[in-house]
Every structure is written in C-alpha cells, then in structure tokens.
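Before any comments, here is the structure.
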Amino acid sequence: MGSGKTSVATELSKQTSKPFIDLDNFIEKSENSSIKKIFQKYGEIHFRNKERLYLEKIINSNSPSIISLGGGTPCYFNNMKLLKSKGNVCTFFLKVSPENLSKRLFNERMKRPLISHIHSLKSLEKYVSKHLFERMPYYIQSDYQIDTSNKSISEIAVNILDLLR
C-alpha cells in the first residue's frame with residue numbers, strides 16, 4: 011500500500027510494451043464495485059477471496075504482463091506460494107520506510123478502506139509500522155527486494171529490468 015507499485019508497474023509496461031494489470035482495478039471492473047464498497051458491504055475476508063480468484067485468473071492466463079498487486083495480496087490464502095509456484099512469474103518487493111510510506115498515504119487515506127479511519131500522521135505511522143512488521147515474512151519471500159529510498163519511478167523500473175536480464 012503506497013510503495014509505488016502501480017507507478018513502477020506502469021513505467022515497466024511502457025518500457026517493455028507488455029500490458030499492465032492492476033489487480034485492484036481488475037477486481038473493481040470484474041465486480042462492478044469499488045474496493046471500498048466491497049469492504050463495506052461484504053468485509054475483508056470476502057474481498058480477499060475475490061482477490062485470490064482474480065489473481066489466479068490473471069496468472070493462469072499465461073499472457074505475459076506486468077501485474078501490480080495490493081499490499082495485502084501476498085499475505086492471504088497462500089498467494090505468495092501460488093506466485094512462486096509459477097515458473098514464469100517474478101516477484102518484487104519495493105521497500106519503503108514506514109515514515110515515507112505514511113507521508114505518501116496520509117492525504118489519500120480516505121480512498122483506502124484499511125486506513126480511512128486514521129486521522130493523524132502519527133497514528134498512521136504506528137499503523138503502517140505494525141502492518142509492515144506483520145507482512146514482512148510474506149514480502150521477503152519475493153524473488154527480489156528493491157530499496158526505493160531516494161529513487162525515482164524510472165530508476166526503480168531500470169533496476170527491475172536490470173535484474174530480469
């Protein structure tokens with residue numbers, strides 16, 4: 011959440027001419043509903059089930075593409091195991107400090123169901139730190155970890171392309 015996954019994936023798509031799929035947008039189009047409304051109406055577990063269903067659909071299509079996952083995607087229903095079981099899937103963890111992540115997320119928190127209730131930057135930093143700590147065991151299973159500190163979107167994309175060569 012907020013690490014720049016979508017921006018980097020968009021840049022990678024431009025540089026490689028491979029289609030870009032944002033999993034959250036794919037879910038919204040497929041369900042004809044926003045993520046926020048899905049959370050409000052059915053709850054997080056329902057959303058995570060849908061997320062798994064559409065993730066499987068995308069990666070089983072065998073169509074080469076750049077996919078941006080939600081920050082929680084790797085942490086549920088053995089999604090990391092699924093991704094790693096596919097020989098044609100390469101995963102990246104974009105590392106961002108809790109402080110920088112909180113600053114990025116604060117002004118857009120109302121669009122994000124998991125943090126829309128948080129009203130101060132300090133509270134958001136605590137929440138982000140806790141979630142990063144809980145999610146780290148999943149994130150570090152990625153094929154590559156990229157420190158995004160002081161790097162532009164373009165620089166991060168170049169780093170990823172270099173790793174894939």
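Numbering (our numbering), first residue to last: 11 to 175.
Every residue, glycine too, gets a C-beta built ideally from N, C-alpha and C.
In the three-state reduction of the DSSP assignment, residue 86 falls in the coil class.
Looking at the DSSP output, residue 105 sits in a beta bridge with 157. Assigned with DSSP and collapsed to three states, residue 69 falls in helix. Look at the beta carbons and you see the stretch 159 to 172 not touching the stretch 115 to 127: under three pairs across the two are nearer than 8 Å.
Residue 37 and residue 45 do touch by the CB rule: their CB atoms are close to 7 Å apart, below 8 Å. Contact check for residue 77 and residue 31: beta-carbon distance about 5 Å, within the 8 Å limit, so the pair qualifies. Per the DSSP secondary-structure output, residue 78 pairs in a beta bridge with 32.
DSSP places residue 138 in the helix class (H, G or I) of the three-state scheme. Taking C-beta atoms as the reference points, residue 149 and residue 84 count as a pair closer than 8 Å.
By the Cβ neighbour-count rule, residue 144 is exposed, with fewer than 16 other Cβ atoms within 10 Å of its own. Counting C-beta atoms within 10 angstroms of its own C-beta, residue 21 has 16 or more neighbours from the protein chains shown and is therefore classed as buried. Where residue 121 is concerned, there is no enclosing alpha helix (DSSP H), because DSSP gives it neither an H nor an E. With fewer than 16 neighbouring CB atoms inside 10 Å of its own CB, residue 140 falls in the exposed class. By the CB criterion at 8 Å, residue 24 and residue 41 fall outside the cutoff.
When 103, 14, 123 and 125 are compared, the shortest CA-CA separation from residue 173 is found for 103. The C-beta distance from residue 101 to residue 153 rounds to 5 Å, short enough to meet the 8 Å contact threshold.
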